[in-house]
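Working notes, beginning with the structure itself.
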Amino acid sequence: ATSLLFSAFEAWLIREHELREKEGSGELVQTQGASQPESLRTLFGLMWFGSSVVAIVAGQVGDLAVGLQPLSPVGVGDLY
Numbered sequence: 809a810t811s812l813l814f815s816a817f818e819a820w821l822i823r824e825h826e827l828r829e830k831e832g833s834g835e836l837v838q839t840q841g842a843s844q845p846e847s848l849r850t851l852f853g854l855m856w857f858g859s860s861v862v863a864i865v866a867g868q869v870g871d872l873a874v875g876l877q878p879l880s881p882v883g884v885g886d887l888y
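First residue of the sequence shown? That's 809 in my numbering, and the numbers climb one at a time after it.
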């Protein structure tokens, strides 16, 4: 389900990029001085980098949260 969620956004992004390129109205892309394909490549690179950073930080925060509370049995016969 997660891969479908991300691929839907990526498909929309590529299609929107193609439509703006055909219309010649890529103001946001052209103001940065990058070519259309290069800006799309940069955007995907930033997306993957940001996703990785968020995953690493979430893992560290989760590990910290688990370490704050000592493990205790939940019920009779449960393992720690």
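Ideal Cβ positions, reconstructed from N, Cα and C, are used throughout, including at glycine.
- In this chain, S880 is not harboured by any alpha helix (DSSP H), its DSSP state being neither H nor E.
- Contact fails between the region 820–830 and the region 856–874, because fewer than three Cβ pairs, one in each stretch, are under 8 Å apart.
- Separation of L813 and G853 (C-alpha to C-alpha, rounded to the nearest whole angstrom) is 18 Å.
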